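See structure below.
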Amino acid sequence: MAGGISLHAVDVARGVPAEGMRVELYALRDGQRGKLAESRLCANGALDHPVVGGAGVTAGVYEAVFHIGPWLRAQGVGAAEPAFLEEAPFRFTVTDVDQHYHLPLKFTPWGYSLFRGA
1 MAGGISLHAV
11 DVARGVPAEG
21 MRVELYALRD
31 GQRGKLAESR
41 LCANGALDHP
51 VVGGAGVTAG
61 VYEAVFHIGP
71 WLRAQGVGAA
81 EPAFLEEAPF
91 RFTVTDVDQH
101 YHLPLKFTPW
111 GYSLFRGA
């Protein structure tokens, strides 16, 4: 896939995709934080939004925010309110708009890993 930003989340403690987790994607420009996308992840834990195909993506700094705490509570996992992890922000830079930036989140109620995947 060429161009675009995809977000994907998996609860690795239970081995399930984070279907329904709310995610936001912001473009950070000139000290301003502009929302590019906000959605809930699909059944496979992936974002289904035009930004995945490159809509609105330009070179620059972005921040993805994964709302872990509310999702865990909705799953009945027993996360307190507030949870140990309420949100997982991930700030990254798009340097080549022709490349695809796949950003998977692997998480448990106590920690997470965010990286650029293939």
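What the sequence shown shows, in UniProt numbering, is residues 1 to 118, in sequence order. From the three backbone atoms N, C-alpha and C, an ideal C-beta is built for every residue, glycine too. Here the structure is a predicted model, which means the values were calculated and not measured.
Under the DSSP definition of a beta bridge, which residues are partnered with residue 33?
According to DSSP, residue pairing for residue 33 in a beta bridge involves 28.
Hey, how far is the Cα of residue 35 from the Cα of residue 52?
Going from the Cα of residue 35 to the Cα of residue 52 covers about 15 Å.
Starting from residue 72 and walking both ways along the beta strand (DSSP E), at which residues does that stretch end?
Annotation: residue 72 is outside any beta strand (DSSP E); the continuous alpha helix (DSSP H) that includes it extends over 68–74.
Determine, using beta carbons only, whether residue 17 and residue 72 come nearer to each other than 9 Å.
Result no, Cβ atoms of residue 17 and residue 72 do not sit closer than 9 Å.
Span separating the alpha-carbon of residue 12 from that of residue 63
If you draw a straight line from the Cα of residue 12 to the Cα of residue 63, it is about 22 Å long.
Length of the line joining the Cα atoms of residue 43 and residue 31:
Within the model, the alpha-carbon separation for residue 43 versus residue 31 is close to 35 Å.
Rounded to whole angstroms, how far is the Cβ of residue 41 from the Cβ of residue 74, which I believe are closer than 8 Å?
Distance from residue 41 to residue 74 at the Cβ level is roughly 12 Å; contact not present, criterion being Cβ atoms closer than 8 Å.
Distance check for residue 57 and residue 5, CA to CA, integer angstroms please.
C-alpha separation (whole angstroms): 8 Å.
Answer with buried or exposed for residue 69, where buried requires no fewer than 16 other C-beta atoms within 10 angstroms of its C-beta.
Residue 69 counts as buried, since at least 16 other C-beta atoms from the protein chains shown sit within 10 angstroms of its C-beta.
Contact check, residue 97 vs residue 3 under 8 Å by CB: the rounded distance?
Correct: roughly 6 Å between the Cβ atoms.
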